Structure formats: C-alpha cells, structure tokens
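Q:
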Amino acid sequence: MGAFPVLNFPEYCFRLRSGSGGYEVWDALRGMWLVLTPEEWVRQHLIRFLSERMGAVPQYVSQEYPVLLGGMSQRADIVVCGRDGKPCLLAECKAPDVALEEEGVARNVLAQAVRYNSVVGARYVLLTNGRRHLCFEWDARAGRYAPLGNFPDLSVFFGIE
25 MGAFPVLNFP EYCFRLRSGS GGYEVWDALR GMWLVLTPEE WVRQHLIRFL SERMGAVPQY
85 VSQEYPVLLG GMSQRADIVV CGRDGKPCLL AECKAPDVAL EEEGVARNVL AQAVRYNSVV
145 GARYVLLTNG RRHLCFEWDA RAGRYAPLGN FPDLSVFFGI E
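Sequential numbering of the sequence shown, starting at 25, is according to my numbering.
#1: Could you tell me which uninterrupted beta strand (DSSP E) segments, each at least 3 residues in length, are contained entirely in the region 90-170, listed from first to last along the chain?
#2: Please report how far the alpha carbon of Leu93 lies from the alpha carbon of Arg39, in whole angstroms.
#3: For a quick check, are the C-beta atoms of Cys112 and Arg67 less than 7 Å apart?
#4: Consult DSSP for Ser42 and reduce its assignment to one of helix, strand or coil.
#5: Output the residue ranges of the beta strand (DSSP E) runs that lie fully inside the region 55-93 and measure 3 residues or longer, sorted by chain position.
#6: Would you mind working out which of Glu126, Val149 and Val129 sits nearest Ala137, comparing C-alpha positions?
#7: Verify whether the separation of the beta carbon atoms of Leu172 and Cys159 is less than 7 Å.
#8: Is Gln87 buried or exposed, if buried means 16 or more other CB atoms sit within 10 Å of its CB?
#9: Assess contact between the region 121-134 and the region 72-82, defined as three or more Cβ pairs (one per stretch) separated by less than 8 Å. Is contact present?
#10: Rounded to a whole number of angstroms, what is the C-alpha to C-alpha distance between Asp240 and Ala170?
#11: Whole angstroms is fine: what's the gap from Phe33's alpha carbon to Trp50's?
#12: Taking 7 Å as the threshold (C-beta atoms), are Ala119 and Glu63 in contact?
#13: Which word fits Glu35, buried or exposed, when buried means at least 16 other C-beta atoms lie within 10 angstroms of its C-beta?
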C-alpha cells in the first residue's frame, strides 16, 4: 500500500505491523489483525469516527454484516445497530481511488447499498471512500432516500444526550 492516503476524517492512530502480505492493522472490534487494503484503511477510520464523533457504541457496530439477497450471501461493510438491536445505519466503504464524485460511480455504489439495506432496514445509508462521504436517510413517505448534508447523529439510538 505504500504511503497511507490522507482521508477526510480526524487523524487516528492505529496499531500497524508488517505482515507477509504487506501491512496489517489491528481491528479492535474483532480482536484480530487484518490485511491493510485501501478499503480497510477507510473502514477502520469510519468505525473510529462513528464511535468517537457520531455517538455509535462500539459493541453495536458490526463489520461484514451478512445479507442474504436472492439466495446469495452478501456482506455489508458496516452496520450500526441501536440499543434495541435494530439497524440504524448501513455503510459501504470504498477505496480512496474510487471516484464517488462521479455521478455514475456514486449511483452504482448507492444501488449496492440500497440492495443490502432492502434486507437490513437501516434508517441511514452512508457511502464513503474516505475522502468523500455521502449520507442518505430513508424517507418512507416519499419512498426514496433523501441526501443529508452531514453525518447523522447516532447517539439518539443509544439514549445518549
């Protein structure tokens, strides 16, 4: 991976080590070392950001959340559940070089997340490549996802004021 790309998140310190396949990062949620791919770099930053800045309780954050679609097993990158156990946010992480600023790319990534969320049922969907973040809220009345200007405050799902 060479130099780690600068992302549009606060700067975080991660436990890194050199492994046989390159760098590895310690995933505190799963308690294991993971190969540090560009997408994993984004995922680890997003998890820290959601936990430290947006009110998500780490014990309720799941990675590679299983989703069964049309008989096929898929995995959503991150799903945050509230204290009641119901999903409140589904996030899809892409590598920093995935151009979310290009409408077609963003539309395809959103379509992927929406397919997963048709099973998961979270209120919010988040797409990120670590540099650009696109947040959406399900608007049941309109029957569509409405873009949000900011990250959602997840503390309300945990009774945190």
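Beta carbons are placed, not taken as given, at the ideal position from N, Cα and C, and that holds for glycine.
This one's a predicted model, so the numbers in the text were calculated from it and none came from an experiment.
A: Concretely, from the data shown:
#1: The qualifying runs are 96-105, 111-117, 148-152 and 157-163.
#2: Leu93 and Arg39: Cα-Cα distance of roughly 35 Å.
#3: no
#4: strand
#5: 56-59 and 85-93
#6: Val149
#7: yes
#8: buried
#9: no
#10: The chain is shown from 25 up to 185; residue 240 falls before or after that span and cannot be answered.
#11: 18 Å
#12: yes
#13: exposed
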